[in-house]
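Enquirer: Take a look at the following structure, please.
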Amino acid sequence: MHYKNISCWHTNMLATMKLSNILVTCNLNNLQVLRSNHKMSTSARSHKIQPKNLAFNIRSKHQNYNSLGGHLAQRLVQIGVSDVFSVPGDFNLALLDHLVAEPQLNLIGCCNELNAGYAADGYARSRSVGACVVTFTVGGLSIMNAIAGAYSEDLPVICIVGGPNSNDYGANNRILHHSIGLADFSQELKCFQQITCQQVVVNNLDNAQEQIDGAIAAALEHSKPVYISISCNLPGLSHPSFLRNPLPFSLPVRLSNTVELELAVETAAEFLNKAVKPILLAGPKLRSAKATEAFHELSNASGYSVAIMPTAKGLVLENHPRFIGTYWGTISTPYCNETVELADAYLIAGPVFNDYINVGHSLLLKEERAIIVQPHSVRIGKGPTFRFVEMKDFLVALAKRIKHNTTSHENYERMYMADDGGHPLIMRSSCSSGDEIMMKKEALRVNVVYGHLEKMLSSNTTMIADTGVSWFSCQKLKLPQGCGLGYAQAASPNNRVIACIGDGSFQMGAQEVSTMLRCGQNSIIFLINNGGYTIEEVIHEGSYNVSCEEELVEAMKMATEEKRECLCFIEVLVHKDDTSKELISDVEGRTLPDFLGQFAKKKEHVRWFLWLCYTRSSSQNPRCVDGKAAGP
């Protein structure tokens, strides 16, 4: 299974909570921190925030820039980090002192390490790089799931761990607390080797500067997390290599091989210009390749229909005149599936073909019709793979060489029926009288909830969805220009976050609501409670509990008007069997052993069952022959 599905989706509520948190606390452009008398005021808020954890907001007047800790703090500031997410522990306290002493860094204390890791993940989506600090082993092992998710999503996260005293390395039979009971301290390092692109253990000042700078540079160059362990006795020590004004990073710029690029563009242009009804399909790696603008340029020049993979929602403008929706096999946006699979050529930019996106490896895309564009390579049909070709360079050059062709979109428009446009239909027994809507006080339905949610979206909002019903339902929302689906693309720090969280997932990160309150977060959290779990406490004074449409509309109005500067929590009660039809049709349409089939009939278990469906072998799929997709 692709790790992304475990670390980012299985605990998606936690990722959501932390992503929405950082969008408020980490705004460099609009958050001017004035630190005096341990108070923090912002130009982005009309009210003042009095942090509860004062130790994290005290700023020393004197930073020792010639120390290891001072050097690390400067490097983080240089690469664009202004907020560091952390959980203190006795092995990282000295290091945290130096980060706190840096005037341009804000240390944000999180409730646990996993939350801190997801905060850094979300920060990296919004600000291109994130950082987190935890303690030896107990903290490092706790944060691993979030770091693994960042690795799968190509996010540069600097994971810093306060390590053992340098004098403890090599000591015979010296067992430390926070360890797993062995004198060997390498267990944590070995774990991080699988989920980071570079790992360094800094326990000697002589090469500390080179190790730290090399790891940070690797994170930026490869867009992957890195692991930096720093012995707890070193942060305050000086060394000649730690300069008051360290030299700036000099990262190699990735350039396309001009010969390979020209051949790839020429071959691709010939391939597409021969096609009758080609289409464009956007994948999630557009973000890490920084090629979204290049893709938009190609879509405008080509005239092709434009579709997205579900994990790329929010990366492509949905108000594009030839946007046709989400391609997701049999559960695609209506008529998008037919348009894509009937095309005689498709350019797919930045795809990730895991079992979730492939709907159990049952997509009917043909290899010989596809141009697969990855961040650093291009493959055309069953022919050659052109390496050392940057996605951005390729898409921009290709846009100048292809013929304008609108045939695929003309075919789509002939199939399209306005009454079935792929968006949630607001099904209710109501009538309109002027501007007032008369609604019956009957049980809420999921499609009614998301119908109203779509009306709340604007260029000033970001929608974040938990996996399961919320994620499937949000795929059908039409996002206005400037509004992103937070999983694929973090919003502008100015955007207000609207989060849809399941009752089970909420329990994974409920404690982090306290961080949101402390940091002045103004998100709107919709808890979609279908009875799978019970919420036993009222989280916040502004909480609502809605069970009918009239109450929902009233709560939304208050959240967007009277309480627009506040964190709002709205619990939405729906029936346990009221779920996305795409999710149910996808699950129940599969051939599995009887005991799994019985398991699937319990809708409250449908999210867990979905993962079981996708991990079976392809030979059990009636639509697959020898591991390849067969005809419908």
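Heads up, the final residue of the sequence shown is numbered 632 in UniProt numbering, and it's a clean run with no missing numbers.
The beta carbon of each residue, even a glycine, is placed where N, CA and C say it ideally should be.
#1: Would you tell me roughly how many angstroms separate the C-alpha atoms of residue 452 and residue 553, rounded to the nearest one?
#2: Can you tell me which of 71, 372, 557 and 386 puts its alpha carbon nearest to the alpha carbon of residue 208?
#3: Would DSSP call residue 83 helix, strand or coil?
#4: Can you tell me where the alpha helix (DSSP H) with residue 287 in it begins and where it stops?
#5: Over what stretch of residues does the alpha helix (DSSP H) that includes residue 336 continue unbroken?
#6: Would the region 342-355 count as touching the region 282-302 if we require 3 or more Cβ pairs under 8 Å?
#7: Determine which residues share a DSSP beta bridge with residue 378 and list them.
#8: Contact between the region 403-414 and the region 268-278: three or more CB pairs below 8 Å?
#9: Could you have a look at residue 564 and say whether DSSP puts it in helix, strand or coil?
#10: So, under 8 Å CB-CB, residue 116 and residue 85 are touching, yes? Tell me the CB distance rounded to an integer number of Å.
#11: Going by the beta-carbon positions, is the gap between residue 322 and residue 346 smaller than 8 Å?
#12: Under the three-state reduction of DSSP, which class applies to residue 529: helix, strand or coil?
#13: Just to confirm, is the Cβ distance from residue 396 to residue 264 under 8 Å?
#14: Does the distance from the C-beta atom of residue 298 to that of residue 365 stay below 8 Å?
#15: Applying the criterion that 16 or more other CB atoms from any shown protein chain within 10 Å of the CB defines a buried residue, is residue 253 buried or exposed?
#16: With a Cβ-Cβ cutoff of 8 Å, do residue 166 and residue 106 count as a contact?
#17: Whose C-beta lies closer than 6 Å to the C-beta of residue 215 among residues of the same chain, with five residues either side of it excluded?
#18: So, do the region 554-568 and the region 508-523 have three or more beta carbon pairs nearer to each other than 8 Å?
#19: On a CA-only basis, which of 339, 522, 527 and 88 is nearest residue 561? Give me that one, please.
#20: Would residue 445 pass as a contact of residue 574 if the rule is Cβ separation under 8 Å?
#21: Which of the three DSSP states is assigned to residue 106 in this structure?
#22: Taking the alpha carbon of residue 479 as the reference point, which residue from 458, 331, 379 and 251 has its own alpha carbon closest?
#23: Within 10 Å of its beta-carbon, does residue 180 have 16 or more other beta-carbons around it, so buried, or fewer, so exposed?
#24: Which two residues bound the contiguous alpha helix (DSSP H) that contains residue 462?
#25: Once you ignore the five residues that flank residue 211 on each side, which residues in its own chain have a CB closer than 6 Å to its CB?
#26: So residue 502 is in the beta strand (DSSP E); what residue range does that whole segment cover?
#27: Determine the burial state of residue 324: buried for a count of at least 16 other Cβ atoms within 10 Å of its Cβ, exposed for fewer.
#28: Which term fits residue 247, buried or exposed, when burial requires 16 or more other beta carbons within 10 angstroms of its beta carbon?
#29: Using only alpha-carbon positions, find the residue among 223, 234 and 188 that is nearest to residue 206.
#30: Starting from residue 197 and walking both ways along the alpha helix (DSSP H), at which residues does that stretch end?
#31: Considering only residues of the region 124-210, which uninterrupted beta strand (DSSP E) runs meet the minimum length of 3 residues and lie entirely inside it, listed in chain order?
#32: Just grab the DSSP bridge partners of residue 305 for me.
Expert: Put simply:
#1: If you number the sequence shown from 1, residue 452 lands on position 452. If you number the sequence shown from 1, residue 553 lands on position 553. The straight-line gap from Cα to Cα measures roughly 8 Å.
#2: Locating residue 208 in the sequence shown gives position 208, counting from the first residue. Out of 71, 372, 557 and 386, 71 has the C-alpha closest to the C-alpha of residue 208.
#3: Here residue 83 refers to the residue found at position 83 when the sequence shown is read from its first residue. Correct three-state label for residue 83: strand.
#4: Sequence index remark: in the sequence shown, residue 287 carries index 287 (1-based). Run containing residue 287: 285-288, per the alpha helix (DSSP H) assignment.
#5: In the sequence shown, residue 336 corresponds to position 336, counting from 1. Start and end: 336-341.
#6: yes
#7: On the sequence shown, position 378 is the one that residue 378 refers to. Its beta-bridge partners are 373 and 386.
#8: yes
#9: Along the sequence shown, one-based indexing puts residue 564 at 564. In the structure shown, residue 564 sits in coil (DSSP, three-state: anything other than H, G, I, E or B).
#10: Position 116 of the sequence shown, counting from 1, holds the residue named residue 116. Position 85 of the sequence shown, counting from 1, holds the residue named residue 85. At roughly 4 Å, the Cβ-Cβ gap stays under 8 Å, so residue 116 and residue 85 are in contact.
#11: For the purposes of this step, residue 322 is taken as the residue at position 322 of the sequence shown. For the purposes of this step, residue 346 is taken as the residue at position 346 of the sequence shown. Result no, Cβ atoms of residue 322 and residue 346 do not sit closer than 8 Å.
#12: In the sequence shown, the residue the question calls residue 529 occupies position 529. Here residue 529 sits in strand by DSSP.
#13: Locating residue 396 in the sequence shown gives position 396, counting from the first residue. Locating residue 264 in the sequence shown gives position 264, counting from the first residue. Against a cut-off of 8 Å, the Cβ pair of residue 264 and residue 396 comes out as no contact.
#14: Mapped onto the sequence shown, residue 298 falls at position 298. Mapped onto the sequence shown, residue 365 falls at position 365. No, these two residues do not count as a Cβ contact at 8 Å.
#15: As a working mapping, residue 253 is identified with position 253 in the sequence shown. The residue in question, residue 253, is exposed, as its Cβ has fewer than 16 Cβ neighbours within 10 Å.
#16: The residue you call residue 166 lines up with position 166 of the sequence shown. The residue you call residue 106 lines up with position 106 of the sequence shown. Not closer than 8 Å, so no.
#17: What you label residue 215 is simply residue 215 of the sequence shown in a count that begins at 1. Counting only Cβ-Cβ distances below 6 Å, and skipping sequence neighbours, we find 198, 200, 226 and 228.
#18: yes
#19: As a first step, residue 561 is located in the sequence shown; it is residue number 561 there, counting from the start. Minimum Cα distance to residue 561 is reached at 522.
#20: Residue 445 sits at position 445 when you count from the first residue of the sequence shown. Residue 574 sits at position 574 when you count from the first residue of the sequence shown. Yes. Within cutoff.
#21: What you label residue 106 is simply residue 106 of the sequence shown in a count that begins at 1. Reduced to three states, the DSSP call for residue 106 is strand.
#22: If you number the sequence shown from 1, residue 479 lands on position 479. Out of 458, 331, 379 and 251, 458 has the C-alpha closest to the C-alpha of residue 479.
#23: For this step, residue 180 is matched to residue 180 along the sequence shown. Classification for residue 180: exposed.
#24: As a working note, residue 462 is residue 462 in the sequence shown. First-last for residue 462: 461-465, but that is the beta strand (DSSP E), not the alpha helix (DSSP H).
#25: Taking the sequence shown and counting its residues from 1, one reaches residue 211 at position 211. Cβ within range, chain order: 200 and 202.
#26: Residue numbering aside, residue 502 sits at position 502 when the sequence shown is read from its first letter. Segment 496-502, the beta strand (DSSP E) holding residue 502.
#27: Counting from 1 along the sequence shown, the entry for residue 324 is found at position 324. Looking at its Cβ environment, which holds 16 or more other Cβ atoms inside 10 Å, residue 324 is buried.
#28: Taking the sequence shown and counting its residues from 1, the one referred to as residue 247 is at position 247. Exposed.
#29: If you number the sequence shown from 1, residue 206 lands on position 206. Ranking 223, 234 and 188 by Cα distance to residue 206 puts 234 first.
#30: Against the sequence shown, residue 197 aligns to sequence position 197. Counting along the chain, residue 197 falls outside any alpha helix (DSSP H), and DSSP gives it neither H nor E.
#31: 130-135, 157-163 and 198-202
#32: Here residue 305 refers to the residue found at position 305 when the sequence shown is read from its first residue. The partner list for residue 305 (beta bridge, DSSP) reads 279.
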